Amino acid sequence: MTFPSPMTEVPSQRFKEASDAARQALEQLIASANEAGWGTEEITVAFAEAANFLKDAHRKDPDPAGNSSISGAAKEQIGHGELYD
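Taken in order, the sequence shown gives residues 1331 to 1415; the numbers are from the numbering used here.
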């Protein structure tokens, strides 16, 4: 899957472009997860939790290259018993 590049530098337009592209990507991921046997509700909740985890990790360490803060935190459990990898 290829994610589109932004078409503008205007923050409000970039946000809309990013939101639209993210929604399209998630729709494809949800369809793929549904085909694999995951329910829409459970997978969307898992995506939301994973996105929040990554957002929090980025806030704590915006440049994680060369350290283990995210890899160590990635062993935390999310959702209903699955491990985030």
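Where is the CB? At the ideal position from N, CA and C, for every residue including glycine.
Predicted model only: the values in this text are computed from it and were never measured.
Residue i versus residue j: straight-line alpha-carbon distance, rounded
i, j, result
"residue 1388", "residue 1381", "10 Å"
"residue 1415", "residue 1368", "Only weak support is given to the placement of residue 1415: the predicted model assigns it a pLDDT of 47, under 50, and the question is left unresolved by the model."
"residue 1374", "residue 1391", "25 Å"
"residue 1378", "residue 1334", "21 Å"
"residue 1347", "residue 1385", "19 Å"
"residue 1366", "residue 1350", "24 Å"
Beta-carbon separation (whole angstroms), residue i vs residue j, contact threshold 8 Å
i, j, result
"residue 1331", "residue 1355", "6 Å"
Own chain partners of residue i with C-beta closer than 7 Å, once the 5 adjacent residues on each side are dropped
i, result
"residue 1370", "1360, 1364"
Are at least three pairs of beta-carbons, each pair with one atom in the segment 1342-1352 and one in the segment 1360-1375, less than 8 Å apart?
-> No, because fewer than three Cβ pairs between the segment 1342-1352 and the segment 1360-1375 fall closer than 8 Å, the two stretches do not touch.
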